[in-house]
Every structure is written in C-alpha cells, then in structure tokens.
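Under our numbering, the first residue of the sequence shown is numbered -4, with each subsequent residue one higher. Ideal placement from N, C-alpha and C gives every residue a C-beta, glycine not left out. Predicted model, so just to flag it, every value in this text is computed and none were measured. Shown next, in structure tokens, is the structure this report addresses.
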Amino acid sequence: MISRQSNIYILAPRNIITGGTESLHQLAFNLKKLHPNVFIHYIDSQDVTPPVKFEKYKVPISKDIIDSEENLLIVSETNTEYLKKYKNIKGCIWWLSLDYYIRQLPQNAPYYFCEKHKIPLIFESLIEKLLHISGRINTNIFSFNENNRSVFHFYNCEYVRLYLTEQGVCNENMMYLCGPIGDEYFEHKPINKKNIIAYNPAKGFEYTRQVIKAVERKGLDVQFTPIKNLDANGVINLLSQAKLYIDFGYFPGPERIPREAVTLRTNLLTSLSGSAKNDIDVPIPRDYKFDLDYLDENLDKIVDKINELTLDYDTHLSKFDNYRKKVVDQKETFHTNLKTFYNNVIR
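As structure tokens, this is what we get:
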C-alpha cells in the first residue's frame, strides 16, 4: 500500500541529455508538488547533482532505492529491466518512445542490429548468437507475458495506447500522460515569417536530403535550415522565422519539435510513420503527410506542397489549429491526469 510516507523513485540516466530525460525530470518536478518524497535515481552515476539543464527542476537525487511494497518505481521503456531487479516495489512504466522498446526485444534485436549496421539478413542467426554471447541482448526487459506483479502504464500518445491494448493491458491499468512542451514556446509571439524551411537532420535525413535536392532543382525561393547545435532559444528563434517545418523521420511518440513548430505558427509536413500515421497524435490534414516508402512517386507532390505552404503560408496556417489546440491542452491534461493518478494510488 502506497501512502503519504512512501517514496516515489523516477529512474533516469544522468549522462544522457535528451527530451526523454527532461520529461522524466519534469515528471519528478510535478509529482513533488503532490507528494513530499519524490526522488530522481540516476542509473549511470552516483553523482547527486543534476545536469545543469535540469537544475531548474530542483528534485532531490537518491543514490539508493528502498525495495519496499510501500514505495513506487517509475521507469521509462528504456530501463524496464529495473522492474525485475527490485522484487517488492510497485512498478510503473512511462512509455516515451515505444519503438526503442520494440527494437530492444530479444526476438527483434538481431534484425534491427543488422539493419543499423547494414549487415545482410542472411547473417541474422549468427548475429543473434554473437549478441547473446556478448550480453548485448537485454533478456531482462519487461515482458507483457509475465504476470508476476501488476505494473501500471502511462502512455503518451494514441500510438502507444493501441500497442498496450494489443498486449492485453486493460484501461484501468493505464493512463494518458504526455509531457508538455516548455512554457517559453507559448510565451513567444512570432511575427516576421520568412521563406525558411526548418528540419531536424537527426531524423529521416535520407528522405529529407532527396526532398531538398528536388526543391533545388525546381528553383523554389526557399532556404533550408537544420535544427542543429541550438539551445531552446535558438530553436525558438528559428521556428519563429520559419514558414514550414518538415519531419520525414519516424514518430515513436508525440515528438517535441513538431509540437513546438505548430505552436510557433509554423506549417508542417510529416511522414506517415509511427504516431504520425493516426489523426489523433498528429491531427493535421492527411494530404500534409506522406508515405516515404513511395518517396519516388510522392516527390513531386511533396515539392508542390512545400511551395504551397511557403508561398501561401497564411492560407494554410489555419489547417494546423487542431494540432495547436492539442498542444495547448496537453499542458493542462498533464497536470490533471497526474493528480488523478496520484489520488487513486496514494492512500
């Protein structure tokens, strides 16, 4: 039984600074408002000081975890093996990037290793043996088939909810919880938009590169600018000027930059991969999403759409109002659902 005296631990890496690790600190910060004993536990460091970027959250760091059934352990999908490490503590998974988990499953790891390293699949069986021998297959990863104890699930998008449902998780054992984007994105008011097209070179660049070349061949009066080596202010300044953000990568969850872009009144084109495939997670018109498995067939359509969204920016802007509203609502929903969860769990 979890009570007001219980400890709530949230696992995170200290030496990896990503949107996911920030979400975990953000969760700890907001839970701390509801419960006195909330701690971050770093899995890769005994340092009890947070990274500079996360100092603002002012959450205490715990070196140790007390494995008691009166306590709660929250992990992301990247560290579900810790649910097996501790035998008594109550468990909760916050699903931030479903595809990372799927790729790490023992039955899938050899295939994705071959794909990443461009190894012919004829060697998949050999790679599987080598990964097992080297200990690079995580055999302690959370399994839905093991019912040794109840684990609660937070899902951050419809894409994940559907997966959890397919795995047999009932509605009573999961809840929507999506970390909102930073307040600074709501506070900034973009004014002078330019023919700038922003993109993330770390996502789907093999497709983006071909699109850029096709646009250049067409001679469109636009400038492609990568979101690279920028702090939050730099991203805000770029997206405030850009008329369009393109994201042709995979959407393993509710990606932050597309949400930041629409909030800063930037038009959007995406792939049809992952969470972008459904109209709940990325609620924009279907003709602004492209199936990149057929890029050659869609390339001219993408170039034409880019021309429309920049040349006639104001006309298309209202098409993203539903997405903007969803992003705004996520801020309130995050706090409301977290409070509901807490009130249902704490006795």
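For residue i, report the span of its alpha helix (DSSP H) as first-last.
i	result
L235	Residue 235 is actually Ser in this sequence, not Leu. 227 to 236 is the extent of the alpha helix (DSSP H) around S235.
I88	Run containing I88: none in the alpha helix (DSSP H); it sits in the beta strand (DSSP E), 85 to 90.
V70	Per DSSP, V70 belongs to no alpha helix (DSSP H); it is in the beta strand (DSSP E), 67 to 71.
A256	251 to 258
Y77	77 to 80
I97	93 to 99
T160	153 to 161
F139	From DSSP, F139 is part of no alpha helix (DSSP H); its letter is neither H nor E.
F181	178 to 182
Tell me, to the nearest whole angstrom, how far the beta carbon of residue i is from that of residue j; I am working on the premise that it is less than 8 Å.
i	j	result
G15	S92	6 Å
L304	L264	7 Å
P278	N317	4 Å
Q218	I192	7 Å
E50	S(-2)	That pair is no contact at about 30 Å.
I176	E255	5 Å
I88	V70	6 Å
N2	Y154	Actually they do not touch by this definition, with Cβ atoms about 32 Å apart.
I136	E76	6 Å
N244	N195	The residue you asked about is not Asn; residue 244 is Gly in the sequence shown. Their Cβ separation, rounded to whole angstroms, is 7 Å, which keeps G244 and N195 in contact under 8 Å.
I241	V206	7 Å
N168	S138	No, N168 and S138 are not in contact; Cβ-Cβ is about 16 Å, not under 8 Å.
S40	R9	4 Å
Q21	G174	5 Å
L26	N74	At roughly 18 Å, the Cβ-Cβ gap does not stay under 8 Å, so L26 and N74 are not in contact.
Y283	K296	At roughly 11 Å, the Cβ-Cβ gap does not stay under 8 Å, so Y283 and K296 are not in contact.
Any idea if residue i is buried or exposed, counting beta-carbon neighbours within 10 angstroms, 16 or more meaning buried?
i	result
R260	buried
L289	One detail in the question is off: residue 289 reads as Tyr in this sequence, not Leu. The residue is exposed, with fewer than 16 neighbouring Cβ atoms inside 10 Å.
C165	exposed
D286	exposed
I117	exposed
V33	buried
N338	exposed
Q0	exposed
G199	buried
P55	exposed
F149	buried
I128	exposed
V322	buried
H112	exposed
K82	exposed
L68	buried
T203	buried
K188	buried
Counting only the same chain and skipping the five closest in sequence on each side, list residues whose C-beta sits under 7 Å from that of residue i.
i	result
I97	N103
I122	P105, F108, C109, I114
R343	Given that the chain is displayed from residue -4 to residue 342, the structure contains no residue 343 and the question cannot be resolved.
D216	N190
L347	Here the chain comprises residues numbered -4 to 342, so residue 347 is not present and cannot be evaluated.
V230	I222, E255
G214	none
D42	R9
C152	C173, G248, P249, S270, D276
Which of helix, strand or coil does DSSP assign to residue i?
i	result
H330	helix
R9	coil
K58	coil
F243	coil
L26	helix
A271	helix
V146	strand
Y106	helix
L263	strand
T16	helix
F49	helix
V323	helix
I122	helix
F285	strand
Q41	coil
E292	helix
I301	helix
I3	strand
I117	helix
I128	helix
D316	helix
What residue does the beta strand (DSSP E) around residue i start on, and which one ends it?
i	result
F200	Looking at the DSSP string, F200 is not in any beta strand (DSSP E); the run it does join, the alpha helix (DSSP H), is 200 to 213.
S37	First, the residue type needs correcting, since residue 37 is Tyr and not Ser in the sequence shown. Where Y37 is concerned, the enclosing beta strand (DSSP E) stretches over 33 to 37.
T310	Careful: T310 lies outside any beta strand (DSSP E), inside the alpha helix (DSSP H) at 308 to 312.
Y194	189 to 194
P221	218 to 221
M170	169 to 171
Please go through the same chain and pick out, in chain order, the residues whose beta-carbon is closer than 8 Å to the beta-carbon of residue i, but skip the five residues on each side of it.
i	result
N332	M170, Y171, L172
T220	I191, I192, A193, Y194, L233, A237
Residues in the same chain with beta-carbon distance under 6 Å from residue i, minus the five sequence neighbours each way, listed in chain order, please.
i	result
L239	I192, N262, L304, T305
R212	none
T347	The shown model of the chain, from -4 to 342, leaves out residue 347, and the question about it has no answer.
R156	Y150
I186	none
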